[in-house]
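Residue numbers (UniProt numbering): 1 to 529. By construction, the Cβ of each residue, glycine as well, lies at the ideal position given by its N, Cα and C atoms. A quick write-up on the structure given underneath.
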Amino acid sequence: MTSVAADGLRPDDFDSFVHFFRQASPYIEGHRGRTFVICCPGEVVEDSAILHSLLEDVALLHGLGIKLVLALGVRAQINRRLHECGVEPRYKHGKRVTDTQAMQAAAAAAAAVRMEVEARLSRGPAVQVVRRHARSSDAFRYAPAMTTVSGNYVAARRMGIVDGVDFGLTGMVRWVQADAIQSQLDSHNIVLLSNIGYSAAGEALNCDIWSIAVRAAIDLAADKLFCLTVPESQPFSLPVWVPVSDAEALLNRLVVQHQSFDDFPASVVPHRAPGAAAPPTGNGAHRAAAGDELDLERWQRFGLPVPLVAACTACEMGVKRAHLVDARRDGALLLELYSRDGIGTMISRDFYEGMRRADPADLAAVAELLAPLEAEGVLAPRSHAQLEGDLPFFVVAEREAKILGCAMMRPLGTGSDGRTVAEIGAFCVAPACRGSGKGDSLLDYLEREARAAGMGRLVLLTTRTADWFEARGFRSAGLAHESPLLPAERRERVNAARNSQLFVKDVGLDEVGSGPSSAGHDRLAGAAC
Numbered sequence: 001m002t003s004v005a006a007d008g009l010r011p012d013d014f015d016s017f018v019h020f021f022r023q024a025s026p027y028i029e030g031h032r033g034r035t036f037v038i039c040c041p042g043e044v045v046e047d048s049a050i051l052h053s054l055l056e057d058v059a060l061l062h063g064l065g066i067k068l069v070l071a072l073g074v075r076a077q078i079n080r081r082l083h084e085c086g087v088e089p090r091y092k093h094g095k096r097v098t099d100t101q102a103m104q105a106a107a108a109a110a111a112a113v114r115m116e117v118e119a120r121l122s123r124g125p126a127v128q129v130v131r132r133h134a135r136s137s138d139a140f141r142y143a144p145a146m147t148t149v150s151g152n153y154v155a156a157r158r159m160g161i162v163d164g165v166d167f168g169l170t171g172m173v174r175w176v177q178a179d180a181i182q183s184q185l186d187s188h189n190i191v192l193l194s195n196i197g198y199s200a201a202g203e204a205l206n207c208d209i210w211s212i213a214v215r216a217a218i219d220l221a222a223d224k225l226f227c228l229t230v231p232e233s234q235p236f237s238l239p240v241w242v243p244v245s246d247a248e249a250l251l252n253r254l255v256v257q258h259q260s261f262d263d264f265p266a267s268v269v270p271h272r273a274p275g276a277a278a279p280p281t282g283n284g285a286h287r288a289a290a291g292d293e294l295d296l297e298r299w300q301r302f303g304l305p306v307p308l309v310a311a312c313t314a315c316e317m318g319v320k321r322a323h324l325v326d327a328r329r330d331g332a333l334l335l336e337l338y339s340r341d342g343i344g345t346m347i348s349r350d351f352y353e354g355m356r357r358a359d360p361a362d363l364a365a366v367a368e369l370l371a372p373l374e375a376e377g378v379l380a381p382r383s384h385a386q387l388e389g390d391l392p393f394f395v396v397a398e399r400e401a402k403i404l405g406c407a408m409m410r411p412l413g414t415g416s417d418g419r420t421v422a423e424i425g426a427f428c429v430a431p432a433c434r435g436s437g438k439g440d441s442l443l444d445y446l447e448r449e450a451r452a453a454g455m456g457r458l459v460l461l462t463t464r465t466a467d468w469f470e471a472r473g474f475r476s477a478g479l480a481h482e483s484p485l486l487p488a489e490r491r492e493r494v495n496a497a498r499n500s501q502l503f504v505k506d507v508g509l510d511e512v513g514s515g516p517s518s519a520g521h522d523r524l525a526g527a528a529c
């Protein structure tokens, strides 16, 4: 009979818990102090079971030191309230026409959702936990575990009359009060944003929650935007990482299907000019560009997945990462943030930006980059002819036509245990860029390429840089010229006098060895960029 602990956990469960906690520890520290905006659309908020599970995760994230802004949508709740009054919701161009009755329903729905969220986040710890871990009876003095705040943080204007239709109290998001929100976040409060925005004329307006969430992420210079989805809002099966350019290409393919609409805009996602810096954030961010108002809800009319549009828009406007996460998955936010590959889709602009295969024109720049390390004995020296012959195996990191980093990855064949092996060498980042995450991006790009090529293991020979690679999952395999993990032909060419150590990393399996990894990158490297 399998033994069961008092809390219902079996020994195997304890092993899984310990493994997950150890795996999560770098992410816990990496995310501490970061600002995340979480968009919870009305269809997610409407399901109490999903909402309550989500708020359990929110409470835990807050306890782990993450600064959180929750944007709470009520589209479904407004429609339900109107239907209960015998009123059919009105839409035009994908936007709600908000008359007085619809505005009353919007305000009531926003207040009800806010109260439910505040109540749920006010729950104290279980008494049995307090009894086991408290140091004194003071622990029984109940106080809310965290404080939530809300207010007139969203600036909006009336949408006005479009094509002869008066949209009434429907609002267009202009900006959020970034300084005021940041002050609350710095005071360890969770900020709640509703669908209600406020105009300069002193009116309360009904706004689109996707636009509010994206605007908040941009103006706060948030590290991440989370778009919680259900199958109806995100119908595609996407990999764990998608570059924003690929996501936009998908949206553009969908655009072609809707060209018959007379009012279909020319561009789905606002773009920065090539090479332009991200828009300014924080104080005055809303003045970054004229006409910078967001209107994302309208894309529902054309059948485009609004969460994907929101994620692309945020990344194009300076947010580092956007994540699409299925809200129905229990613990989805935790698994997305604290496991290597997550369970959703991460969209980013810059993770592999500037990474490409080297070409002959890069020879001189690569040689110049490697020369100081070769002179110090960190890298084995290569003649001009050797480097020229190796160049097809090099990847370079480039910005504005300047090579900032390089690395070589060469297939070696099969090791003694039957796994296909590729060797990483000549790994170098320009001194001015060290510590910026460029090395992480470069290494992760190589791992992605190795998986795509069917490699099962990466190996490298090093005398000075073991610590850096060990921190990124490589393990020591002893002296390179003696290790059977190195294919025999390569082992014979090792200069034993250098006493190089062999380090290996298995890349064909995920971290728990459950099968082929679907990951295109390591999320820790993504967090470090």
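Item: Given PRO235 as reference, the closest of GLY303, GLY418, LEU54 once Cα atoms are compared; Value: GLY303
Item: Whether THR35 touches ASP295 by CB criterion (8 Å); Value: no
Item: Secondary structure of LEU446, DSSP reduced to three states; Value: helix
Item: ALA432 and LEU461 closer than 8 Å at C-beta; Value: no
Item: Three-way DSSP call (helix, strand, coil) for LEU70 in this model; Value: strand
Item: Rounded distance between the beta-carbons of LEU387 and LEU363, thought under 8 Å; Value: 7 Å
Item: Among ARG475, ASP186, PRO381, ALA453, nearest to ARG498 - alpha-carbon criterion; Value: PRO381
Item: Inside the stretch 334 to 380 only - beta strand (DSSP E) runs reaching at least 3 residues; Value: 345 to 348, 355 to 357
Item: Rounded straight-line distance, which links the Cα of GLY405 to that of THR147; Value: 45 Å
Item: Cα-Cα separation, ASP163 to VAL396; Value: 52 Å
Item: DSSP state of MET88 mapped onto helix, strand, coil; Value: The sequence given here places Glu at residue 88; Met does not occur at that position. Coil, per DSSP.
Item: Start-to-end residues for the beta strand (DSSP E) that takes in residue 537; Value: Since the first and last residues shown for the chain are 1 and 529, residue 537 lies out of range.
Item: Cβ pair LEU228, ILE38 closer than 8 Å; Value: yes
Item: Cβ contact check for the stretch 192 to 201 and the stretch 168 to 177: 3 or more pairs under 8 Å; Value: yes
Item: Beta-carbon proximity of LEU193 to ALA71, cut-off 8 Å; Value: yes
Item: Beta carbon of MET317 nearer than 8 Å to that of ILE218; Value: yes
Item: Closest residue to GLY425 among PRO484, PHE503, ARG399 (Cα-Cα distance); Value: PHE503
Item: Length-filtered (3 minimum) beta strand (DSSP E) runs lying within the stretch 449 to 495; Value: 457 to 462, 475 to 479
Item: Beta-carbon proximity list for PRO484, same chain, < 7 Å, skipping 5 on both sides; Value: SER416
Item: Spatial distance of ILE50 from ALA201 (CA atoms); Value: 37 Å
Item: Test item: CB-CB of SER233 and GLU43 under 8 Å; Value: yes
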